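Numbering (our numbering), first residue to last: 514 to 562. Notes for the one structure printed next.
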């Protein structure tokens, strides 16, 4: 919702760091933006572990 409203930054986790703080995993945010909203992030999704 924040991204759709124009947020320029979002907090995410990378490799599980920050997961207990309520942040979403980076790979899930990137995939959701691409699949659901059709937004291109510039992140190479093939490089996710």
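Built from N, CA and C at the ideal position, the CB exists for glycine as well. Keep in mind it's a predicted model, so treat the numbers as computed, not measured.
- Closest by C-alpha distance to residue 561, out of 551, 540 and 529, is 540.
- Following the DSSP letters along the chain, one finds residue 544 inside the alpha helix (DSSP H) bounded by residues 539–548.
- Looking from the CA of residue 529, the closest CA among 523, 537 and 522 belongs to 537.
- If you draw a straight line from the Cα of residue 552 to the Cα of residue 520, it comes to about 14 Å.
- For residue 555, the closest C-alpha among the options 514, 523 and 543 is that of 543.
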